[in-house]
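Notes follow once the structure below has been shown.
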Amino acid sequence: MFSRSLNGIVIKTVAILCLLGLLFPQFASAQLPYYTWYRDLNSGMIATQPIYVPDRVIDGNGAGGALSSPSDVFIADDNHVYIADTGNNRIVELDANGEFVRGIGQEDGQGKLNQPEGVFVSEDGMIYAANTGGQTIVRYSSDGRFDREFKKPDSKALTADYHFLPTKLVVDRRGVMYIVVKDTFLGLLRMNPEGEFTGFFGANKAKLSWMDRLKRSLLNEVQMAQEISKQPNPIQNVSLADDGFLLTTSSGVASDGQIKKLNAGGFDAFRNKAFWEPHLVDTAIDSNGFMYGLNRDDFVNISVYDPTGEVMFYFGSTEKSARQLGITDYGISIDINSNNELWVVDNASNLIHIFKRTNFGDTYMTAAHLYFEGDYDRSRSYWEEVIRQNGMLNIAYNGLGKIALHDRDYRTALDYFKQSNDAEGYSNAFWYIRYEWLKHNFLLMVVVLVVGIWGLIFGARRTAAFVRKRTWPDKVRQYAGELRDALYLIVHPYNGFYRLKDRNVSYAVLIFIIVSAIGVHLWSVFASGFIAYPFELGDYNIRLSLAFKVVPWVTWVIANYLVSAVKGGEGRFREVLQASTFAIVPYIVVMIPATILTNFVVQEEWIIIDLAHRIMWIWIIVLFFVMTQVIHNFDFTEAIKNAVITLLTIGVIWVFVMIIGGLAYNFYDFVKQIYREVIFRA
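Quick note, in full-length UniProt numbering, the sequence shown goes up one by one and the last residue is 682.
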């Protein structure tokens with residue numbers, strides 16, 4: 001009886017909980033299996049909402065049969081999809097929805113394919129297959145019937161050891177074929193419509209290290225022949241843009257020219273720029289000129305580039321033996337249709353992953369397209385919507401800045417360009433603001449300058465008279481005299497350094513100069529105009545910046561004294577220290593007005609700031625050299641030798657410190673691991 005009552009209570013409780021669950025439904029989790037990253041040139045990688053999401057997957061199971069080791073995908077103008085189904089020795093044609101239409105090249109007789117790895121459909125509907133196993137290019141009519149076969153061209157340039165193993169190809173409007181041949185460093189093989197060889201095209205150049213260049217300058221021809229030949233990266237894939245440009249994708253990890261955009265003359269519009277995506281294997285391009293790169297990286301495997309070749313977004317992921325929508329195992333080919341859907345071929349899992357663009361992606365890409373086309377007015381509403389959805393994308397503010405600049409709303413443009421870290425746009429807007437201000441206030445500015453200069457001169461004279469009349473403590477007079485000597489030294493270095501010999505400058509003055517130099521450096525960072533530091537100063541590594549200034553100076557003092565002591569120099573360590581301290585005074589003298597000036601110049605006038613900085617550093621270097629000559633009583637030649645040896649010694653000190661630091665860290669880590677082991681075991 002008690003058991004029955006207990007069962008009844010349990011049943012009623014479960015029923016009540018179920019009813020409560022219906023009142024408070026839970027949303028199904030729709031989290032993607034990967035992140036989407038926006039690449040900001042200043043802030044680095046920023047996680048953002050997806051621009052593409054996985055939509056569906058095609059495995060070929062159906063009327064056409066399963067795919068086997070697919071190697072290439074091409075989407076024609078009518079959105080029909082052609083897949084090089086290598087393992088099944090055929091080309092598979094699918095409709096826009098991914099439904100099987102027919103297989104091509106699998107019937108016996110002429111046109112039978114043998115492990116095709118590439119496919120292309122020309123504007124006239126002719127279907128080209130890179131018949132890798134058969135060492136031919138096979139052409140079919142638009143209805144899939146065999147039309148013609150192209151074998152290795154008969155040419156003296158193609159020797160007997162040149163193996164014609166075509167893997168990918170494109171065909172331009174003239175019918176000229178550009179063929180990727182496996183394991184060749186000569187570039188794309190170009191063949192005319194009659195199958196005649198017309199040369200190689202778009203070959204990569206071998207990247208030489210400084211050691212390779214040194215060998216070439218020192219070794220003779222016989223010795224160079226014994227060296228291992230430096231070969232360029234082979235072209236791995238090729239695509240054809242709507243405007244006739246060829247996109248080549250080359251193998252190689254983070255190398256220059258991984259993606260090239262070649263015109264008919266072979267000129268690379270990207271100028272051999274470096275693409276730092278680790279393992280790029282294929283590139284697709286849409287009708288607006290945006291590119292989509294496929295790479296076999298564990299972190300992300302699809303990258304989106306703007307028409308200039310700058311990466312905008314990363315998304316996707318790679319995982320071995322993956323069987324999840326949107327995650328590839330061994331991505332090998334990518335293409336995009338007119339609906340902006342990305343089709344990605346996974347060679348290992350025999351799947352085609354299809355990614356569709358999100359609403360945010362549509363908005364962003366439309367805004368970016370209008371932006372790069374220069375149609376800023378039409379892009380306004382799109383950029384505003386992008387910012388509404390995600391206010392961290394700098395290019396959106398840049399687009400609104402250009403719109404405001406076009407509308408002559410210069411102050412608004414200035415704010416937008418600053419938010420987007422665009423120094424060039426900021427400079428243009430600032431130029432107009434400055435021009436308008438000068439046009440209305442030029443006379444006032446001249447009066448203020450004249451009165452200000454007169455006030456400075458008058459104030460300096462009155463201050464000097466006041467100082468002379470008053471009796472000052474001995475320490476104050478000493479410090480003031482030493483500071484005057486520092487200013488005298490930077491203008492008259494030989495006499496100034498001679499005055500320093502055999503005398504001790506107070507440590508208070510030395511510390512004051514060093515602290516002032518550090519303070520001026522910090523002030524120059526935070527008080528400079530935006531054009532000098534066009535990024536968020538919160539991201540600026542001030543410690544590293546200080547280290548680049550302080551560490552060379554400290555090691556110079558130590559190395560100069562040690563080298564001079566060995567080489568017979570007369571200078572004491574105190575003299576080297578105080579002379580080296582006085583030698584950095586030009587940094588204080590020049591950086592203060594130069595920093596103020598950065599707030600009033602535009603990019604076209606930045607040569608003034610650069611010139612001031614160069615004069616300052618040359619001035620400091622000359623003072624260090626004269627210091628070495630005078631303090632140690634060297635002649636000119638001895639001073640040069642001493643300075644060179646000092647620089648080498650500085651390098652040795654840095655290497656030694658890095659080695660000691662590395663050993664110390666390893667020892668610390670070793671002790672830490674032992675401590676953890678003892679604690680956990682206990």
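C-beta atoms are modelled at their ideal positions from N, C-alpha and C, and glycine is treated no differently. Just so it is clear, the structure is predicted and the values come from calculations on it, not from any experiment.
Hey, out of Asp124, Leu444, Tyr364, Arg408, whose CA is closest to alanine 396's CA?
Taking only the C-alpha atoms, the option nearest alanine 396 is Tyr364.
According to DSSP, residue 708 sits in a beta bridge with which residue or residues?
This structure cannot speak to residue 708, because the chain is shown only from 1 to 682.
Kindly identify the DSSP beta-bridge partner or partners of phenylalanine 282.
The question names phenylalanine, but residue 282 in the sequence shown is aspartate. Paired residues: Leu294.
Does isoleucine 387 come out as helix, strand or coil in the three-state DSSP assignment?
If DSSP states are grouped into helix, strand and coil, isoleucine 387 belongs with the helices.
Per DSSP, which one or two residues make a beta bridge with isoleucine 137?
BP columns for isoleucine 137 point to Ala130, Phe150.
Do you know how far the Cα of serine 71 is from the Cα of glutamine 135?
Their backbone Cα atoms lie some 16 Å apart in a straight line.
Between the Cα of isoleucine 490 and the Cα atoms of Thr628, Glu424, Phe582, Arg145, which residue gives the shortest distance?
Taking only the C-alpha atoms, the option nearest isoleucine 490 is Phe582.
How close, in whole Å, do the beta carbons of tyrosine 82 and isoleucine 127 come, if the pair is a contact with beta carbons under 8 Å?
The Cβ separation is near 7 Å, so the contact holds.
So, using beta-carbon positions, are threonine 198 and asparagine 192 closer together than 8 Å?
Closer than 8 Å, so yes.
Could you tell me if the beta carbon of valine 566 falls within a distance shorter than 7 Å of some heavy atom in the ligand SAH?
Absence of the ligand SAH is noted for the structure shown, with no ligands found whatsoever.
Can you tell me the Cβ-Cβ gap for serine 321 and alanine 284, rounded? I've got them flagged as a contact below 8 Å.
So it is not a contact: roughly 26 Å between Cβ atoms.
Taking glutamine 31 as the reference, which of Val53, Ile46, Ile531 has the closest Cα?
Looking at the Cα atoms, Val53 is the closest of the given residues.
Could you give the distance in angstroms between the alpha-carbon of isoleucine 336 and the alpha-carbon of aspartate 77?
Approximately 10 Å, taken between the alpha carbons.
Out of curiosity, what's the CA-to-CA distance linking alanine 28 and phenylalanine 360?
Residue placement at alanine 28 is poorly supported in this model, since its pLDDT is 34, which falls under 50; the coordinates still yield a value, given next. Cα to Cα, alanine 28 sits roughly 21 Å from phenylalanine 360.
Could you spell out the range, first to last residue, of the alpha helix (DSSP H) harbouring threonine 363?
Start and end: 359 to 373.
Of the residues Ser333, Val171, Gln258, which one's Cα is nearest the Cα of alanine 269?
Cα-wise, what sits closest to alanine 269 is Gln258.
Would you mind giving the Cβ-Cβ distance between glycine 401 and aspartate 422, rounded to the nearest angstrom? I have them listed as a contact below 8 Å.
With 8 Å as the limit, glycine 401 and aspartate 422 qualify as a contact, their Cβ atoms being about 7 Å apart.
List the DSSP bridge partners of threonine 248.
Answer by DSSP bridge pairing, in chain order: Val238, Lys260.
Tell me, to the nearest whole angstrom, how far the beta carbon of arginine 296 is from that of glycine 331; I am working on the premise that it is less than 8 Å.
Right, the Cβ-Cβ distance comes to about 6 Å (below 8 Å), so this counts as a contact.
Looking at C-beta atoms only, is the number of pairs between the stretch 549 to 568 and the stretch 643 to 662 that lie closer than 8 Å three or more?
Touching, yes.
Is DSSP giving aspartate 55 helix, strand or coil here?
Looking at aspartate 55 - three-state DSSP - the assignment turns out to be strand.
What residue from Val525, Arg572, Thr167, Val515 has the CA that sits closest to lysine 501's CA?
Answer by Cα proximity: Arg572.
Out of Ser287, Val550, Asn301, which one is the CA nearest neighbour of histidine 369?
Of the candidates Ser287, Val550, Asn301, the one whose C-alpha sits nearest the C-alpha of histidine 369 is Ser287.
May I ask which residues mark the beginning and end of the beta strand (DSSP E) holding alanine 84?
It spans 81 to 85 - the beta strand (DSSP E) in which alanine 84 sits, taken as one unbroken run.
Would you check if there are 3 or more beta carbon pairs closer than 8 Å linking the stretch 378 to 387 to the stretch 408 to 416?
Contact between the stretch 378 to 387 and the stretch 408 to 416 is absent, because fewer than three Cβ pairs lie under 8 Å.
Measure the CB-CB distance between isoleucine 620 and isoleucine 584 and report whether it falls below 8 Å.
It is a contact, given that the beta carbons lie within the stated cut-off.
Less than 8 Å between the beta carbons of aspartate 282 and asparagine 272, yes or no?
Result no, Cβ atoms of aspartate 282 and asparagine 272 do not sit closer than 8 Å.
By DSSP's criteria, arginine 90 is part of a beta bridge. Which residues make up the other side?
According to DSSP, arginine 90 bridges with Asp85.
Leaving out the 5 sequence neighbours to the left and right, which residues in its chain are closer than 7 Å to glutamate 196 when beta-carbon positions are compared?
If we look at glutamate 196 and ignore the five residues flanking it on each side, its Cβ neighbours are Pro153.
Going by the beta-carbon positions, is the gap between leucine 280 and isoleucine 334 smaller than 8 Å?
Not a contact, by the Cβ cut-off of 8 Å.
Could you tell me which residues DSSP puts in a beta bridge with tyrosine 178?
Answer is Val170, Arg190, bridged to tyrosine 178.
Excluding five sequence neighbours on each side, which residues of the same chain lie with their C-beta closer than 6 Å to the C-beta of glycine 187?
Result list for glycine 187: Phe200, Phe201, Gly202, Ala203, in chain order.
Could you give the distance in angstroms between the alpha-carbon of phenylalanine 24 and the alpha-carbon of leucine 342?
Unreliable placement is indicated for phenylalanine 24, whose pLDDT of 37 sits below 50; no coordinate value is reported for it.
Between the alpha carbons of asparagine 263 and leucine 611, how many angstroms are there, rounded?
For asparagine 263 and leucine 611, the distance between alpha carbons rounds to 39 Å.
Could you check the C-alpha separation between asparagine 666 and isoleucine 660 for me, to the nearest Å?
Cα-Cα distance, rounded: 10 Å.
Around the Cβ of glycine 326, are there at least 16 other Cβ atoms within 10 angstroms (buried) or fewer (exposed)?
Flag for glycine 326 reads buried.
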